[in-house]
Structures are given as structure tokens and as C-alpha cells.
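There are 2 protein chains.
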Amino acid sequence: MTSIKDVANLAGVAVGTVSRVINNSGAVKPNTRRKVEEAIQELNYFPNEVARNFKMQKSKMVALLLPSIWNPFFSELAYYIEDELDREGFKLMLCNSGGKPEKELYYLDMLRQNKVAGIVGITYNDIENNISNDIPIVSIDRHFNKKITCVTSDNYEGGRLALRELVNAGSRKPAFIGSVTSVFSETMNRKKGFIHEAQALGVDYVIYEKPDPIVDDNAYFNEFLDKHSDVDGIFAITDMLAANYIERARRQGIRVPEDVKVIGYDGIQDNPYFHPILSTIRQPVEEMARMTIRLLFSKIENITLDQQVYRIPVIFKKGETT
Amino acid sequence: MTSIKDVANLAGVAVGTVSRVINNSGAVKPNTRRKVEEAIQELNYFPNEVARNFKMQKSKMVALLLPSIWNPFFSELAYYIEDELDREGFKLMLCNSGGKPEKELYYLDMLRQNKVAGIVGITYNDIENNISNDIPIVSIDRHFNKKITCVTSDNYEGGRLALRELVNAGSRKPAFIGSVTSVFSETMNRKKGFIHEAQALGVDYVIYEKPDPIVDDNAYFNEFLDKHSDVDGIFAITDMLAANYIERARRQGIRVPEDVKVIGYDGIQDNPYFHPILSTIRQPVEEMARMTIRLLFSKIENITLDQQVYRIPVIFKKGETT
DNA sequence: CACCAAAGTGGAAACGTTTCAATAGTTAAT
DNA sequence: ATTAACTATTGAAACGTTTCCACTTTGGTG
């Protein structure tokens, strides 16, 4: 492999000079620069990024640690994250943890050994104490404490919005359905917003949560449909859960939206080919992704941030289910 | 940062010895090993992977270069690819090219500079001539020539299977719809199989292709629906196109599957919550992903492969549209 | 007991950069 | 013509490993 030394030899200058030409650092005479550039051309030289990373003791690699890229919400997020990283010449490393704590820690260790510049974490477990202080992290939808900055959609307002939209659509007894997740999860605020708005409006409501992880999906839904036959509106904590509910309700002869209005959360449907087209609280995925990376860049550059949690507004996207 | 030297000092041995302990290479007395391990513990030392990569002139990083991770087919693929890589301690770098040739080349350059161990390429353009020989590549669904090994589903058999299933479902005049893609694309064999099987069975058929990229989607479908009102079966080159067709047909009062049977290709629906549930030729995504990586490992280890193209069998997955 | 092979260990070179102190070259003012 | 003040360049050290050669120790054999 041709190295900076070969270029220096051919151009008749010292390696330091070549380095300065490549990096546009320090002063170089136009004439010298030309000679060096010619040598680079001639030898088809390109800098060894690995050697650079080694010398500099830092890389332009950011890791995205999430449960599964297969999840459409995450894959959209990943798309924009990669795009934003690329704008600054950063690269993305993808790590699927499966949501397993031990795998999360395993990856965290690996990332430390690989001296990544930063981490975007979407984790189920509290990684706060297992991460060395020197590596910047921004998490999405999980708020641990001040070491890790959190970006999230405005779950609380989303919950309020969902309740209002259900009521607007005619629901008299709306229900929130979801799974109990980590105490650190920001998504629980969807429930909180839902409840508060129902109370503010004086609306009767139901909360129905399943323990996470799901042991018996069928049992969960059957019990719900049995117990709460008077419910005429559903706010599901995710679009997938909403779709799942609708499918099961349909089998029991419950019509959506005629009998029951349904609103999901996420906005994963980006094409109108599959039905039902969900009414949903749309997360501004692109904005979240880009903000996450910009915050991460700030942390990498040691700029202290003024907030611990950044909440991005959501919008209601009307589909066929309200 | 604590280095191998600190460990050596504390343990009272030479750096070489510590290295041998860490890598289990060469002989080390049990007693010495213990001392070193204690020092490692005490200092909370972990090896600097970047320095290692530098010294070894190779990394355990594999890049996945594809149009967009947002595409559900690719995100499933990426999931399994990462999983298979991880089994051998390899890491995955994700690159979205947007299908743009210049971005593909830009990434290829970057990957070369970063000395990745290998590349999985899902590209729209012929990258064959723009890649240095020394970096192993396996491509998915694109067959350029012998330098790049190709993994693909058995598109030809998939096409034949689709035709047969349409006929079985009662179609008398099936049509193939798709976009004209790169000549290197293996996916064109879907059409070939479809045609051959139709001819073999003596069935009347229609081929309707749109130029890629799509300039006017509406015009495309309107023209097709106009011109070919006698068509009673559709084999769409992808599931997304099938779903798109169904939606448009529905608006014109065409019922699926009563009036027209539809079969897609890919098998992207992994949950039964959204309708229509497509009848489709399911690509064995997991198997393709794992085989791709195993072939890549072989190339990395300089094992010569016996084939240029590896075709994996597909299956017909019956949905609601036939 | 002397010798030898094998096992264990030390030490230094090398990988390709960047950076920095030291040196050389240039310009402009006296 | 000398000097001062820059500008440009050189050359070497350093980053944290691995590897290889040379040296030392160990254990077994004649």
C-alpha cells in the first residue's frame, strides 16, 4: 500500500509537508503544494483512515444501538440518522440488541474498545451506569438522568391530542391500551397526557396495560374485549398495537370506526396502499433523527447542552379509523 | 487511557508477554498469565481495538451499501446480516446510497480508506470497475461479473411459480407489471420465468413495464388499466407495486381477487394486521442474509468460491389476493 | 553432570499518520 | 548589507498494538 512516505519521496519533500497539504493545515508554498498533489495523483495515493484514527485517538464513527432495525419506526429513524451523520463525514455503525440487557452491555463494551465518537441509544435498560463518562450518548425516548441527553416526541401532548381527537370523533368512553415498559421510558407520558386530558374534559376513560414482555397476546386482547365492551375509542401506544387491536376487534364483529374509533402512535405508514390507514399521532421522525445527531455533535465537541430532554411536537394524522 | 504498557509495568513483564496473554498466542507460564490477568483487572484495562486494526492493517468491519434502509425488505435483510456478522465478532457499517451512482462511488471510496474487511452491496450501478480488487464484495440481486459474487432468490423459478399460481387461481390472461431496471439486476429473471412458463402452458399473457425511475405513477397505472381491461391476473415485480396496483384498481371498481388475482414478490408483510394480505413469492430473506455473510467470510479468508451466483429457492405464500 | 531441545520471555521494530520543536528560507525595513 | 520577523520545511517522536528474533530458563536424556 502506498503511504504518505512514498508521496513525500516522489515529491521530494518531508512527510510532514505532505500531511499539511492533505489536511490544509499550516502554510505550504503553492509550488510545493503542486508538487505534492502531482505525486498523490501519480501514485494514486489516498490517506489511510485507520492510521489517522489511531494517531488522533478518535474516529468519525457513531453507533446506533437499538432493539431491531427490522422495526419500521427504527429503520426510518436510522435512515435519517445516517443521512445527517454523513453530512459531517461521519459513519454509522448499526447494533441490534434485541432489547436484551446483556447484549446491550456487550455492544457498549465493544463500542468503547472501538473508540467510537458517540452513541445513539434506544435501549430498554438503564445503560447510564455501564457507560464510561468519556463517550457522548444521546438516547431516543428513554430518559435516564443527566449524563445522557434524551430526544423524544412530545409524548405527553401526543396523549392529550389523541384523547381530544377521539372525543371529537364521537367517543364517549375511550381507552388507553399499551404495555408497561421501563420506568425510564418517555413513552409512558402518552398515557399520562391521555389521562390528564380526559380528566380535564370530564370524560370517562379506561386504562388497560399488559405486562411487558407479552406472554400471551391472545389472552390480553380477549380479556380486554370481554371486560370493556362499552369502550368506543382506543388510543394504542403504538401503531402496531392499534393495527393488532383492529384486526382482533374485526374478528369479533366490531367495526372500526363505526363502533370504535382508533388512534395509534408513531405514523409508520408512509404509503396509502395497506388498510386500515391508521389515524395516528405522527412522530416527526426526521426531525428527531437530525436533532439527535446535532446534539450528539455538540456533545462530541464538548459543548454543554442547556436541556436534558428535548421534546419535539407531534401532529395528528387522520386516517380511516376515526 | 491505560495501555498494554501499563499492564506490563504493573505485572512486571514485557509488553510482548501481555499481548500473548490477551491473544492466547504463543506460550505463557500459568504463573505469568495470572500476574498479567491480575494487572488487567486492577487497571481495568481493555485493548484498544483501533490500534489493533491499525497494526494488523485490517478491521472486523463490514459495510452494507444499499439504497435505503427505510425499505422494509432491506431492513429485514440488514437485521439478519448484522446478526450473522456479530456471530464472528464483526461489526456492521450502514451506508444509504439513495441509489445514486455518485453516492455509491463516494461510499466505496470511503470504505476503501477505512479498510473495511468486506462489503455487501445492493447497488443500482455497476460498481465492478470502481472497486479495488483487494476488497471482498458480495452483492445481493445484482450480477455484474465474476469479481463480485451474487446472492439472489431464485427469481426465474419465482416467476414461473407466480404464473402457475395465477393460472391455478383461475386467471386466463395474466400480466407481468414492473419497472425496467439495470441490466445487471437479477430481478429481471422474474419476468423471464413468468414468460417461459406462460409459453410452456400455452397461456395468453401481457407484459407491461414502466421506465425506471418513475416519472408519472398515475399515468402509468391509468394507461395500463385502460389498455388491458381484459387482464384478470397480475404478477407484480414487488409487493409494493402489487399493493399500489390493488389500491388503484379498487378505485376503479375492480375487485381483488374476484375480478383480478394478484401476486407480488418479496414477502415483506410479517404481520397480519394490514390488508390486503398479499399473495406473494416470498424471498427467504434470512437465508439470503446469512449465506451472503458466510460467502463474504470465505472471500475474506481468501477461499475461492465455486459459483458466481447463488440462487436460493422461493416459496409461494398465499394471502387474500388470489 | 553435561548437554540439548523446548518453552518462556524480553525488547525492539513496524504499521501510517499528525504534530511540534528546530531549522532554513524569504521578505522588508533599516 | 544587516537584521528582524515571518513563512516554509524538515525530521523525529508518539499513538498502542503485534510479531519476530534473540536470549534465558526449564526439564529431560545420555
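Those protein sequence lines, which keep their order, are chains P and S. Counting with UniProt numbering, you get residues 1 to 322 for the letters of the first sequence. Counting with UniProt numbering, you get residues 1 to 322 for the letters of the second sequence. C-beta: ideal position from N, C-alpha, C; glycine also. Remember, predicted model here, so these are calculated numbers, not experimental data.
Distance, Cα to Cα, residue i vs residue j?
i: Pro-67 (chain P); j: Gly-202 (chain S); result: 50 Å
i: Lys-261 (chain S); j: Asp-141 (chain S); result: 26 Å
i: Leu-225 (chain P); j: Ala-249 (chain P); result: 8 Å
i: Ile-119 (chain S); j: Ser-3 (chain P); result: 23 Å
i: Gly-253 (chain S); j: Asp-232 (chain S); result: 14 Å
i: Ala-243 (chain P); j: Ser-97 (chain S); result: 32 Å
i: Asn-189 (chain S); j: Ile-195 (chain S); result: 10 Å
i: Tyr-106 (chain S); j: Pro-101 (chain P); result: 36 Å
i: Asp-239 (chain P); j: Arg-34 (chain S); result: 54 Å
i: Pro-30 (chain P); j: Lys-58 (chain P); result: 31 Å
i: Ile-135 (chain P); j: Arg-20 (chain P); result: 29 Å
i: Ser-279 (chain P); j: Glu-197 (chain S); result: 43 Å
i: Gly-12 (chain P); j: Arg-112 (chain S); result: 27 Å
i: Met-288 (chain S); j: Ile-293 (chain P); result: 32 Å
i: Val-183 (chain P); j: Asn-23 (chain S); result: 41 Å
i: Ser-132 (chain S); j: Met-110 (chain S); result: 12 Å
i: Leu-10 (chain P); j: Pro-47 (chain P); result: 16 Å
i: Ile-127 (chain P); j: Gly-121 (chain P); result: 9 Å
i: Lys-210 (chain P); j: Ser-139 (chain S); result: 43 Å
i: Arg-160 (chain S); j: Asn-130 (chain S); result: 35 Å
i: Lys-5 (chain P); j: Asn-302 (chain P); result: 34 Å
i: Phe-54 (chain S); j: Phe-54 (chain P); result: 7 Å
i: Phe-144 (chain S); j: Arg-87 (chain P); result: 30 Å
i: Thr-149 (chain S); j: Leu-305 (chain S); result: 8 Å
i: Val-36 (chain S); j: Glu-76 (chain S); result: 43 Å
i: Pro-72 (chain P); j: Glu-157 (chain P); result: 23 Å
i: Glu-247 (chain S); j: Pro-272 (chain P); result: 8 Å
i: Val-285 (chain P); j: Gly-99 (chain S); result: 22 Å
i: Thr-17 (chain P); j: Val-28 (chain P); result: 7 Å
i: Tyr-208 (chain S); j: Ile-137 (chain S); result: 33 Å
Under 8 Å, do residue i and residue j count as touching if we go by C-beta distance?
i: Ile-237 (chain P); j: Ser-298 (chain P); result: no
i: Ile-234 (chain S); j: Tyr-245 (chain S); result: yes
i: Gly-319 (chain S); j: Ile-277 (chain S); result: yes
i: Pro-257 (chain S); j: Thr-187 (chain S); result: no
i: residue 323 (chain P); j: Leu-94 (chain P); result: Shown here, chain P extends from 1 to 322; a query on residue 323 (chain P) therefore has no answer.
i: Val-62 (chain S); j: Leu-296 (chain S); result: yes
i: Lys-146 (chain S); j: Gln-308 (chain S); result: yes
i: Val-7 (chain P); j: Tyr-45 (chain P); result: yes
i: Glu-82 (chain P); j: Leu-92 (chain P); result: yes
i: Val-206 (chain P); j: Asn-114 (chain S); result: no
i: Ile-263 (chain P); j: Glu-165 (chain P); result: yes
i: Phe-274 (chain P); j: His-275 (chain S); result: yes
i: Val-167 (chain P); j: Tyr-310 (chain P); result: no
i: Asp-230 (chain P); j: Lys-173 (chain P); result: yes
i: Leu-64 (chain P); j: Ala-78 (chain P); result: yes
Tell me the residue span of the beta strand (DSSP E) that contains residue i.
i: Phe-176 (chain P); result: 174-180
i: Val-309 (chain S); result: 309-312
i: Gly-264 (chain S); result: 261-266
i: Tyr-208 (chain P); result: 206-211
i: Val-120 (chain P); result: 118-121
i: Thr-280 (chain S); result: 279-282
Just to confirm the assignment, what range does the alpha helix (DSSP H) spanning residue i have?
i: Arg-142 (chain P); result: Here Arg-142 (chain P) belongs to no alpha helix (DSSP H), and DSSP marks it neither H nor E.
i: Gly-103 (chain P); result: The sequence shown places Lys at residue 103 (chain P), not Gly. Start and end: 101-113.
i: Ile-293 (chain S); result: 285-300
i: Thr-152 (chain P); result: Taken as a continuous stretch (DSSP letters only), Thr-152 (chain P) belongs to no alpha helix (DSSP H), being part of the beta strand (DSSP E) at 149-153.
i: Lys-227 (chain P); result: 217-227
i: Ile-195 (chain S); result: 188-201
i: Lys-318 (chain P); result: No alpha helix (DSSP H) holds Lys-318 (chain P); DSSP gives it neither H nor E.
i: Glu-42 (chain S); result: 30-43
i: Asp-134 (chain P); result: From DSSP, Asp-134 (chain P) is part of no alpha helix (DSSP H); its letter is neither H nor E.
i: Thr-2 (chain P); result: Thr-2 (chain P) -> no alpha helix (DSSP H), and no H or E assigned at all.
i: Asn-23 (chain P); result: 15-23
*Any residues in the UniProt domain "HTH lacI-type" (2-56) of chain S with a beta carbon nearer than 8 Å to a beta carbon of chain P? Which ones, in chain order?*
Correct list: Phe-46, Pro-47, Asn-48, Glu-49, Val-50, Ala-51, Asn-53 and Phe-54.
*For the region 230-254 of chain S, which segments carrying the alpha helix (DSSP H) assignment without a break, of at least 4 residues, lie completely within its bounds, in sequence order?*
Annotation note: the region 230-254 of chain S contains the following uninterrupted alpha helix (DSSP H) runs of length 4 or greater, listed N- to C-terminal: 239-251.
*Using a Cβ-Cβ cut-off of less than 7 Å, list which residues of the region 71-102 of chain P approach chain S; keep chain order.*
Of all residues in the region 71-102 of chain P, Pro-72, Ser-75, Glu-76, Ala-78, Tyr-79, Glu-82, Asp-83, Lys-91, Leu-92, Met-93, Leu-94 and Asn-96 have a Cβ within less than 7 Å of some Cβ in chain S.
*Short-range partners of chain S found in the region 236-259 of chain P, where Cβ spacing is below 8 Å*: Only those residues of the region 236-259 of chain P whose C-beta falls short of 8 Å from the nearest C-beta of chain S are listed: Met-240, Ala-243, Asn-244, Ile-246 and Glu-247.
*Segments assigned alpha helix (DSSP H), at least 4 residues, entirely inside the region 49-95 of chain S*: Listed in chain order, the complete alpha helix (DSSP H) runs (minimum 4 residues) inside the region 49-95 of chain S are 49-56 and 72-87.
*Could you please tell me which residues of the region 108-120 of chain S, in chain order, have their CB closer than 8 Å to any CB of chain P?*
Under the 8 Å Cβ criterion, the region 108-120 of chain S contributes Asp-109, Met-110, Arg-112, Gln-113, Asn-114 and Lys-115.
*Going along the chain, which residues of the region 272-287 of chain S sit with their C-beta nearer than 7 Å to a C-beta in chain P?*
When CB distances to chain P are screened at a threshold of 7 Å, the residues of the region 272-287 of chain S falling below it are Pro-272, Tyr-273, Phe-274 and His-275, in chain order.
_Output needed in chain order: residues of the region 123-141 of chain S with a Cβ under 7 Å from some Cβ in chain P._
Listed in sequence order: no entries.
*What residues in the region 171-185 of chain S have a beta carbon less than 7 Å from any beta carbon of chain P?*
Contacts with chain P (Cβ-Cβ distance below 7 Å) from the region 171-185 of chain S involve no residue at all.
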